[in-house]
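Under my numbering, the letters of the sequence shown match residues 8 to 284, in that order.
The C-beta atom is built at its ideal place from N, Cα and C for all residues, glycine as well.
Have a look at the structure below before the remarks.
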Amino acid sequence: MINKPPCDCGARCSKWNVRKKRIWRTVTAVTQDVQERGYAASVYDIIYPWISYRHVPSRMMLRRLMTDPSKNSLKYMVEIESFIGRGFSSNVFLVKGEKNFLVDTGTDPDIVKRIDCNIDRIILTHRHYDHTGALGEVGDKLNAPMYAHPLEAKALREADDMSIISGSFGKTMEPLDVMDIEDRYAGFHVIHTPGHTEGSICLYHAGEKILISGDTVFPSGGIGRTDLPTGNMDDMVDSLKKLTEYDVDSIYPGHMRVVESGGDRHIKMSLRYSTYL
Ligand SMILES: [Zn+2]
Ligand SMILES: [Zn+2]
């Protein structure tokens with residue numbers, strides 16, 4: 008593919024040799040980027056239009072082209088629509104990317120009216136009623152399978168009202184067919200972060216540096232309660248330590264506002280705060 012020189016000055020042209028090296032460096036860099044991002048598209052989809060060009064774009068320019076949809080036809084890898092919870096209901100996130108999925112459902116089944124695409128699955132950050140109250144109805148209406156950490160999935164299958172804390176909301180839970188989530192889904196790593204509940208999870212996308220944090224981390228040093236059934240403060244501290252190892256830009260928490268940038272700082276504040284408790 009790179010045998011034909013991009014200029015008319017022949018195969019011996021030293022400029023061409025320099026360009027060949029640049030093309031090779033670019034291919035390597037993009038391959039690495041694609042692997043880091045977990046983006047499924049073929050490398051050649053991105054590279055091919057450029058290799059016949061007179062000027063091969065630099066790595067920085069390629070990065071910009073890959074992430075800024077206004078510059079070419081390539082889309083953002085991940086786009087998240089946030090439905091900030093009202094009252095006792097948690098935040099709900101609609102993640103659009105490799106797959107479309109919903110993170111938590113909150114307590115209001117009318118959330119489905121705000122969803123404008125097919126949903127491949129619903130993922131629960133943990134079992135609590137403020138995140139799962141509308142799960143049965145939303146799952147039926149969207150015809151989407153439901154997934155959570157095995158410990159949370161079991162509690163939801165058994166409708167364990169005690170640990171789901173549905174009683175605090177004056178409700179009871181129906182048993183729901185929630186399945187065990189894998190370690191990775193649609194480019195997101197599933198990180199087990201016990202503390203708020205024993206099977207709480209966070210979802211992390213390395214390419215976009217996004218953390219969907221459930222009730223583990225909140226903005227400005229907040230953390231979820233650890234005094235509810237299956238909660239544990241020592242586990243929470245360990246989970247926060249684990250999260251500081253990730254390079255996080257934006258945080259999508261289960262309650263409160265979304266953090267657009269500098270997520271690492273918020274996680275470190277949460278860890279500092281938790282160790283004072
Ligand atoms: Zn919550
Ligand atoms: Zn909770």
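Outcome for residue i when other beta-carbon atoms lying within 10 angstroms are tallied against a minimum of 16
i, result
"residue 117", "exposed"
"residue 207", "buried"
"residue 268", "exposed"
"residue 157", "exposed"
"residue 3", "This structure cannot settle anything about residue 3, because the visible part of the chain is limited to 8 through 284."
"residue 62", "Because the pLDDT at residue 62 is just 41, under 50, the model does not fix this residue reliably, and the value given afterwards should be weighed accordingly. With fewer than 16 other Cβ atoms within 10 Å, it is exposed."
"residue 95", "exposed"
"residue 252", "exposed"
"residue 159", "buried"
"residue 284", "exposed"
"residue 89", "exposed"
"residue 189", "exposed"
Cutoff 8 Å; reference residue i; Cβ partners in own chain excluding five residues on either side
i, result
"residue 328", "Nothing can be reported for residue 328: it is not among the residues displayed for the chain, which extend from 8 to 284."
"residue 171", "134, 135, 136, 139, 162, 163 and 180"
"residue 244", "202, 278, 281 and 282"
For residue j and residue i, believed in contact at Cβ under 8 Å, the rounded distance
i, j, result
"residue 91", "residue 102", "About 15 Å separates the two Cβ atoms, so there is no contact after all."
"residue 84", "residue 194", "7 Å"
Proximal residues to residue i (C-beta, below 6 Å), its chain only, five neighbours per side dropped
i, result
"residue 124", "107"
"residue 176", "136"
"residue 128", "108, 151, 152 and 154"
"residue 247", "277, 278 and 281"
"residue 265", "89 and 259"
"residue 187", "157 and 160"
"residue 196", "211"
Residues of its chain near residue i, where Cβ-Cβ distance is below 7 Å and the 5 sequence neighbours each way are ignored
i, result
"residue 174", "168"
"residue 255", "216, 218, 270, 271 and 274"
"residue 115", "96 and 141"
"residue 144", "116"
"residue 209", "198, 200, 218, 219, 220, 221, 223 and 250"
| query | Any contact of the segment 232 to 243 with the segment 267 to 274, i.e. 3+ C-beta pairs under 8 Å? | reply | The segment 232 to 243 and the segment 267 to 274 do not touch, with fewer than 3 CB-CB distances between them shorter than 8 Å.
| query | Does the pairing of the segment 174 to 184 with the segment 223 to 231 give three or more beta-carbon distances under 8 Å? | reply | no
| Three-pair Cβ contact test at 8 Å for the segment 164 to 176 versus the segment 147 to 156 | With a cut-off of 8 Å, the segment 147 to 156 and the segment 164 to 176 do not count as touching, because too few Cβ pairs lie within range.
| What beta strand (DSSP E) runs, 3 residues minimum, are completely inside the segment 208 to 259? | 208 to 212 and 217 to 221
| query | What alpha helix (DSSP H) runs, 4 residues minimum, are completely inside the segment 86 to 168? | reply | 136 to 139, 142 to 149 and 157 to 164
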